[in-house]
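Heads up, the thing below is written out as structure tokens.
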Amino acid sequence: MRNQTETTHAGAEPTSVATQTAPTLPTAASEDAKSEPSKSFGPILPRDVWSPPIIKPDANTVWTAGEIVEVIWDTSTRPRQVTNYEGRLVLGYLEDGDETNEHLDFDHPLAEGFNLTEGQIRVRVPDVDPANDYIVILFGDSGNRSPKFTIVN
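Shown next, in the form of structure tokens:
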């Protein structure tokens, strides 16, 4: 058994979402539409979502438990406005035939609270079972997954 928490992940950290029913606005066919002015909440502005590609680790990477390694991502595609600059790096793994369950260890992030625009972070490799199907996920403005890589003891 691996020292990881099994968590299904589809590109973003699980969150709790509060729902609220939107008020019903009059339609052109309703009587209220003729007497009530149009309500406007202002223009809907585009949101920049930045998912910087992870450069290292890559498919040829081998980490050794306990060593300090560097995770590197490409910052050249950064938009002018980034919704969230604060990064979080989480280790996970993929099992053969299942690319959707990333087994992310949210309880023990490799790093958190760093600035995504720095393009790199140094972390200590945790003491996990040796395998060649590990991944890291870079969270911040958006989640981004590395290729599979190896961790040995």
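Here the sequence shown is numbered in our numbering, starting from 334 and rising by one per residue. Ideal Cβ positions, reconstructed from N, Cα and C, are used throughout, including at glycine.
- Under the criterion of beta carbons closer than 8 Å, His436 and Gly425 qualify as touching, at roughly 5 Å.
- By the criterion of at least three beta-carbon pairs nearer than 8 Å, the region 382-392 is in contact with the region 461-477.
- Beta-bridge partners assigned by DSSP to Glu400: none are found.
- Take the alpha-carbon of Arg413 and the one of Glu451: they are about 15 Å apart.
- Only residues of its own chain outside the window of five on either side were considered, and among them Glu403, Val404, Ile405 have a CB closer than 7 Å to the CB of Lys389, listed in chain order.
- Nearest to Glu428 by alpha-carbon distance, out of Asn486, Thr397, Tyr467, Asn477, is Tyr467.
- Put simply, the backbone Cα of Asn465 is about 25 Å away from that of Gly420.
- Relative to the Cα of Thr408, the nearest Cα in the group Ile401, Glu400, Asn448, Phe439 belongs to Asn448.
- Residue pairing by DSSP places Asn486 in no beta bridge whatsoever.
- Your pair Val456 and Ala444 checks out as a contact, with CB atoms roughly 5 Å apart and the cut at 8 Å.
- In this structure, DSSP gives Glu451 a helical state, which the three-state scheme calls helix.
- In the structure shown, the three-state DSSP call for Asn434 is strand.
- Here DSSP, grouped into helix, strand and coil, assigns Arg421 to strand.
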